[in-house]
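**Student:** In the numbering used here, the protein residues as written are 90 to 350.
All residues carry an ideal CB built from backbone N, CA and C; glycine is no exception.
1. Name the residue from 213, 303, 181 whose alpha carbon lies nearest to the alpha carbon of residue 201.
2. Between the stretch 185-194 and the stretch 304-312, do three or more beta carbon pairs fall short of 8 Å?
3. Can you tell which of 137, 195, 132, 161 has the C-alpha that lies nearest to the C-alpha of residue 305?
4. Alpha carbon to alpha carbon, how far is residue 242 from residue 339? Give it in angstroms, no decimals.
5. Would you grab the beta carbon distance between residue 267 and residue 196 for me? Rounded to a whole angstrom, and I think it's under 8 Å.
6. Since residue 177 and residue 209 should fall inside the 8 Å C-beta cutoff, what is the C-beta to C-beta distance between them, to a whole number of angstroms?
7. Out of curiosity, what's the CA-to-CA distance linking residue 164 and residue 192?
8. Rounded to the nearest angstrom, what separates residue 238 and residue 261 at their Cα positions?
9. On the premise that residue 274 lies in contact with residue 179, defined as a C-beta separation below 8 Å, what is that separation, rounded to the nearest angstrom?
10. Between the stretch 313-332 and the stretch 291-299, can you find at least three pairs of beta-carbon atoms closer than 8 Å?
11. Where residue 156 and residue 321 are concerned, what is the direct C-alpha to C-alpha distance, given to the nearest angstrom?
12. Count the other CB atoms within 10 Å of the CB of residue 133; is the residue buried (16 or more) or exposed (fewer)?
13. Look at the alpha carbon of residue 259 and the alpha carbon of residue 343, and state the distance between them as a whole number of angstroms.
14. Going straight from the alpha carbon of residue 150 to that of residue 174, what length do you get?
15. Opposite residue 273 in the DSSP bridges: which residues?
16. Tell me whether residue 293 sits in a helix, a strand or coil according to DSSP, three-state version.
17. Sorted by chain position, which residues of the same chain lie with C-beta nearer than 8 Å to residue 220's C-beta, five sequence neighbours on each side aside?
18. Measuring alpha carbon to alpha carbon, tell me which of 350, 346, 334 ends up nearest residue 105.
19. Would you grab the beta carbon distance between residue 302 and residue 158 for me? Rounded to a whole angstrom, and I think it's under 8 Å.
20. Below 8 Å on the Cβ atoms is my contact criterion, and I expect residue 257 with residue 218 to pass it. Report the Cβ-Cβ distance as a whole number of Å.
21. Among 224, 245, 128, 136, which residue has its Cα nearest to the Cα of residue 319?
22. If you measure from the beta carbon of residue 293 to each beta carbon in chain D, is any gap under 8 Å?
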């Protein structure tokens, strides 16, 4: 058997965006990072800076708690109180952990209220809800993985599709449950905030506890280090400028973050 040309695989697509702006506003960085709901980490490099601004530290580390839930049942997503309190009122983000996107079933809930399930073929066929073949896992036209997207904000408990979805969720969770991390940001509405306790992001854990689901509070790690005598590249924004292009600066940032010499 001949060895495949593993070095000849096409590189996966990715999105890399560079922009220049004024980051003096204390909320600028947090507002920017919130647009990327599934950020794993944020790195900030401040050249020629002796003291890190306190506003920057608070912006990166404040109000960043999230919760880990083991054996998260899909059916909890169909509770009317859950839909009204967390999906339609505020921004809920969730992601399964301990799963491999190419080998396991995976779950995500976006801040827009969409449930995204990435399922292996055998689980998808048992699930019974229509989805689409994953473009990342195909073999000679036969997909080994399927993606199911459900708009939780538009669910109607009185509809037949809701009952069908409820049955599919119950059948699926009898064989498979996810461990997820989730965070909820309440809606900025006076009537909603006036309702006792619902202005607190931890309110979601109180709801889960009532259903016998335990959520463990987690906090992101904040690491600060100082490096001396480091030559920082200068980015060129125009072709005629001197310096490094954005791709080279991006590679330098990666090496610096990994503490490469």
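**Tutor:** This is what the structure holds:
1. Here residue 201 corresponds to residue number 112 of the chain shown, with the count starting at 1. In terms of CA proximity to residue 201, 181 leads the group 213, 303, 181.
2. Verdict: no, contact absent.
3. On the chain shown, position 216 is the one that residue 305 refers to. Minimum Cα distance to residue 305 is reached at 161.
4. Counting from 1 along the chain shown, the entry for residue 339 is found at position 250. Counting from 1 along the chain shown, the entry for residue 242 is found at position 153. If I take the Cα positions, the gap works out to 38 Å.
5. The sequence position of residue 267 within the chain shown is 178, counting from 1. The sequence position of residue 196 within the chain shown is 107, counting from 1. Between residue 196 and residue 267 the Cβ distance is about 5 Å, and since that is below 8 Å, they are a contact.
6. One-based indexing of the chain shown puts residue 177 at position 88. One-based indexing of the chain shown puts residue 209 at position 120. Between residue 209 and residue 177 the Cβ distance is about 31 Å, and since that is not below 8 Å, they are no contact.
7. The residue you call residue 164 lines up with position 75 of the chain shown. The residue you call residue 192 lines up with position 103 of the chain shown. Cα to Cα, residue 164 sits roughly 24 Å from residue 192.
8. In the chain shown, the residue the question calls residue 238 occupies position 149. In the chain shown, the residue the question calls residue 261 occupies position 172. Rounded to the nearest angstrom, the two C-alpha atoms are 15 Å apart.
9. For the purposes of this step, residue 179 is taken as residue 90 along the chain shown, with counting starting at 1. For the purposes of this step, residue 274 is taken as residue 185 along the chain shown, with counting starting at 1. Your pair residue 179 and residue 274 checks out as a contact, with CB atoms roughly 6 Å apart and the cut at 8 Å.
10. Short answer: they don't touch.
11. For the purposes of this step, residue 156 is taken as residue 67 along the chain shown, with counting starting at 1. For the purposes of this step, residue 321 is taken as residue 232 along the chain shown, with counting starting at 1. Computed Cα separation, rounded: 37 Å.
12. As a first step, residue 133 must be located in the chain shown, where it is residue number 44. Flag for residue 133 reads exposed.
13. Looking up residue 259 in the chain shown gives position 170. Looking up residue 343 in the chain shown gives position 254. Straight-line Cα distance between these residues: approximately 44 Å.
14. Locating residue 150 in the chain shown gives position 61, where the first residue counts as 1. Locating residue 174 in the chain shown gives position 85, where the first residue counts as 1. If you take the alpha carbons of residue 150 and residue 174, they lie about 26 Å apart.
15. In the chain shown, counting from the first residue as 1, residue 273 sits at position 184. Residue 273 pairs with 181.
16. By 1-based counting over the chain shown, the position of residue 293 is 204. In the three-state reduction of the DSSP assignment, residue 293 falls in the helix class.
17. The sequence position of residue 220 within the chain shown is 131, counting from 1. Its chain contains 206, 208, 213, 235, 236, 237, 238 as the residues whose beta carbon lies nearer than 8 Å to that of residue 220, once the 5 sequence neighbours on both sides are disregarded; these appear in chain order.
18. For this step, residue 105 is matched to residue 16 along the chain shown. Checked all of 350, 346, 334; the closest Cα to residue 105 is 334.
19. By 1-based counting over the chain shown, the position of residue 302 is 213. By 1-based counting over the chain shown, the position of residue 158 is 69. Their Cβ separation, rounded to whole angstroms, is 6 Å, which keeps residue 302 and residue 158 in contact under 8 Å.
20. Reading the chain shown from its first residue, position 168 is the one you call residue 257. Reading the chain shown from its first residue, position 129 is the one you call residue 218. The C-beta distance from residue 257 to residue 218 rounds to 5 Å, short enough to fall under 8 Å.
21. Start at 1 with the first residue of the chain shown, and residue 319 comes out as number 230. Of the listed residues, the one whose Cα sits closest to residue 319 is 136.
22. In summary, chain D is missing from the structure at hand, where a single protein chain is found.
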